[in-house]
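Here the protein sequences come in this chain order: A and B.
All residue numbers for the first sequence refer to the working numbering, where the first residue is 2 and numbers rise by one.
All residue numbers for the second sequence refer to the working numbering, where the first residue is 296 and numbers rise by one.
Before any comments, here is the structure.
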Amino acid sequence: MIGRRWWIPWLWLAPTLALLGVFLVYPSVDTIRRSLLDERSKSFVGLDNYRFIIENPQPLVSDTHSALLNNVLWMTWFTVATVGLGLIIAVLASRVRYEAPAKAAIFIPMAISFVALSVIWRFMYVFDADIGTVNAVTTGVGLEPTAWLQDTGSPQTVVTEVGPDKLPKPFQINNFALIMVGVWNWTGFTMIVLSAGLKGISTEVLEAARVDGASEWKIFRRIIIPILSPTIMVVATTLVIQTLKTFDLVWVMTGGRFKTDVVATLFFKEAFVFRDFGVGAALAVVLMLFVVPIMLITIRRFQFQEEIR
Amino acid sequence: MSRRNPSTGAEAAAVPRARPLTGRMRGLAARLPLHLTLIGLMVLWSIPTIALLVSSFREPTAIAASGWWNAITEPFDFTIDNYEKVLTQRGMARSFWNSVIITVPSTILVILVAAFAAYAFAWMRFPGRNVLFLVVVALLVVPLQMTLIPVLRLYGNVTIDQELPLLGGNVFGVNSFPGLWAAHVAYGLPFAVFLLRNFFGALPRDLFESAYLDGASDLGVFFRIVLPLSGPAIAALAIFQFLWVWQDLLVALVLLGDPDLAPMMLTINSLVSSFGSQYQLLTAAAFISMIVPLLIFFALQRYFVQGILAGAVKG
């Protein structure tokens, strides 16, 4: 171990470093470069591609504003709903004897691909209430059937009808329908992680609180939530990064039509359908910019863990 | 939280058998909202998958005419025609095989490559070790989108336009299995190195020192001590890498154009765009693609959960 030659470790690292260099490091740098070049990556255009994203000159073909907004929508609603539901289910399941099957039922969607999920949920969302399960339920309780994946309507329709028609509508029904699919898929993840955290809380603490007459709600709020909060942060960070990468789900379910595009699907269209590498690369850089702060937080937490290791 | 009287509930949970029957009934009544909520959620989470499974075995006319829930009450009228059709006429059989060809080597290679690096990071001393490891961990969050344009351009230049023996497709570059393997291994590496390095680093130091004192080489220690002791970590990693590659749509969409090489996700994606409302085909195709992941889940649930807790998430 002591007499090891200096280059031996590098030999062990070589395949990893070569692959990471070729497929992750070099391409990331190259994408930044291409974001400053024209659509064929031939001539320098400065920040024109970023100006395209900000000014949104072609809202009918590639609606950059709507894509950015939808990503924010995903980031907030998806994360809040997934963490909330996961936490509730983890706590409820810890109190029953059928905890294992209950958790398995919630967790199974994690094993299903986004592509298969999209097929499942396109089928659930079918407009015809005789076939589509969701509309069968809504019409069953007396509501009108909804075209869940096409309906761009929202409580704000009134506002946008008065204003310019092309304004993105922040609370489109179809975006929420898509986000719900993501929530259905990912709740199992938060539930598993938070449930492991719950198991770490000593039962003596909880029993002592109960003996002292604390209500279950108070125990949840004053004991369980504070102890779990670091875990909740880790889970939420992971989810936010996931939402930035959301692609398959939107791509297969709507193809980004009806103003459901997110940055990742718009990137794919620009780069590989319209073949505009400039705007495509700029969109990828925008995604990266969203991720950087999260990455820095993760690294700092990791360094902290290393120090106390 | 759903109990009116917390102390009753706590006792019921702690010593259920010691209580008289009426007390147990009262405890059950107090816990009824809890059970109803939880069972309701379980049903809500199971229905979509059950709907898919039931529909995939129904006649096309039946799917178009009535909801899947009718199939449970009507005279049972199930068929495997849908499966036969997607497998033979819509290329799902070929795609299943393609998915296997793409996934298995990618999984084995990522474990091997990452294990070497993880061993160096955990048990060798060299300048810049910690910084380099942090860089690898940081690459975990780089969106794939950041890399796809240059990788496609690069592949355009290095494509070897000759038929790969046995498997088909080009030898390397676009429309090739080896090209896809390389990309999937690289994209899987940051997590793999992270997971294995943490596991290797937690192995007891004495083990290594006595082995080195006995004159064992690095390779000897690696293959005879480290790998055999790392079964659980490698199992978790294998499961996740397998699932990621099996379920990948984006990388295949960019690097594979030839429908003969398409993995199942790509084929289902094209089925959705060309037969968007023919749910007899779509449901059967989707279920075929789910069989392997579901088997893995039920057979190896323990490792699956461990992997999640170690930080594995779908890429």
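For glycine and all other residues, C-beta sits at the position ideal for the given N, C-alpha and C.
Everything numeric in this text was worked out from a predicted model, so none of it was measured.
Given residue i as reference, the closest of the options once Cα atoms are compared
| i | options | result |
| --- | --- | --- |
| W476/B | F416/B, I403/B, S350/B | I403/B |
| L439/B | N176/A, M181/A, V292/A, P16/A | V292/A |
| L74/A | V138/A, I9/A, N176/A, F24/A | N176/A |
| M560/B | W539/B, Y574/B, Q575/B, Q573/B | W539/B |
| Y51/A | M296/A, A283/A, L288/A | A283/A |
| V446/B | T188/A, T83/A, Y27/A | Y27/A |
| V395/B | F592/B, P588/B, L604/B | P588/B |
| F352/B | G606/B, I583/B, A528/B | I583/B |
| F494/B | Q596/B, W340/B, A413/B, I334/B | A413/B |
| L18/A | V480/B, A511/B, D509/B, G496/B | V480/B |
| V693/B | G463/B, V469/B, A581/B | Residue 693/B lies beyond the residue range present for chain B, which begins at 296 and ends at 610; the question has no answer from this structure. |
| S1/A | L590/B, A581/B, F593/B | Nothing about residue 1/A can be read from this structure; chain A reaches only from 2 to 310. |
| G483/B | N564/B, V432/B, D372/B, L590/B | V432/B |
| W8/A | F421/B, T562/B, T398/B, V338/B | F421/B |
| V120/A | G464/B, Q596/B, Q573/B, L595/B | Q573/B |
| F472/B | H330/B, L576/B, P558/B, F599/B | P558/B |
| L461/B | L427/B, Y507/B, N393/B | N393/B |
Continuous alpha helix (DSSP H) stretch holding residue i: start and end
| i | result |
| --- | --- |
| F421/B | Counting along the chain, F421/B falls outside any alpha helix (DSSP H), and DSSP gives it neither H nor E. |
| D277/A | Premise fails: D277/A is in no alpha helix (DSSP H) and is neither H nor E. |
| E271/A | Segment: none, E271/A is in no alpha helix (DSSP H) and carries neither H nor E. |
| P527/B | 526–542 |
| R385/B | Counting along the chain, R385/B falls outside any alpha helix (DSSP H), and DSSP gives it neither H nor E. |
| V263/A | Counting along the chain, V263/A falls outside any alpha helix (DSSP H), and DSSP gives it neither H nor E. |
| G515/B | 513–516 |
| N365/B | 365–368 |
| F128/A | Neither: F128/A is in no alpha helix (DSSP H) and is coded neither H nor E. |
| V546/B | 545–550 |
Backbone secondary structure at residue i - three-state DSSP
| i | result |
| --- | --- |
| Q157/A | Here the model assigns Q157/A a pLDDT of 45, short of 50, so the residue's position is not dependable and the matter cannot be decided. |
| E162/A | Because the pLDDT at E162/A is just 48, under 50, the model does not fix this residue reliably, and the point stays unresolved. |
| S95/A | coil |
| I603/B | helix |
| E573/B | Looking at the sequence shown, residue 573/B is not Glu but Gln. In this structure, Q573/B counts as coil in the three-state DSSP scheme. |
| E145/A | coil |
| Q440/B | helix |
| D249/A | helix |
| I202/A | coil |
| D501/B | helix |
| F221/A | helix |
| W7/A | coil |
| D152/A | coil |
| F24/A | helix |
| K167/A | Summary for K167/A: the model assigns pLDDT 47, below 50, so the residue's position carries little reliability; its value from the coordinates is reported in the next sentence. Coil, per DSSP. |
| T255/A | coil |
| V62/A | coil |
| A215/A | coil |
| A557/B | coil |
| I113/A | coil |
| L595/B | coil |
| N57/A | coil |
| S584/B | helix |
| Q243/A | helix |
Counterpart residues of residue i in DSSP-defined beta bridges
| i | result |
| --- | --- |
| F373/B | R353/B |
| L38/A | F45/A |
| S471/B | N465/B |
| E100/A | Looking at the DSSP assignment, E100/A forms no beta bridge with any residue, so it has no partner. |
| I300/A | Looking at the DSSP assignment, I300/A forms no beta bridge with any residue, so it has no partner. |
| E458/B | N465/B |
Cβ pair residue i, residue j closer than 8 Å
| i | j | result |
| --- | --- | --- |
| T261/A | N72/A | no |
| L434/B | V549/B | no |
| S63/A | E271/A | yes |
| A579/B | N365/B | no |
| F259/A | T153/A | yes |
| D39/A | G279/A | yes |
| G261/B | I534/B | The requested residue 261/B does not occur in the structure, where chain B is confined to residues 296 to 610. |
| G13/A | F411/B | Gly is not the amino acid found at residue 13/A; the sequence shown has Trp there. Yes, these two residues count as a Cβ contact at 8 Å. |
| W289/B | P110/A | Outside the displayed span of chain B (296 to 610) sits residue 289/B, for which this structure offers no information. |
| V437/B | L37/A | no |
| R492/B | A417/B | yes |
| F268/A | G281/A | yes |
| S196/A | K104/A | yes |
| G22/A | M192/A | no |
| T134/A | A346/B | yes |
| V251/A | L288/A | no |
The ligand ATP heavy atom lying under 7 Å from the CB of residue i
| i | result |
| --- | --- |
| G279/A | Ligands are entirely absent from the displayed structure, and the ligand ATP is therefore not among its contents. |
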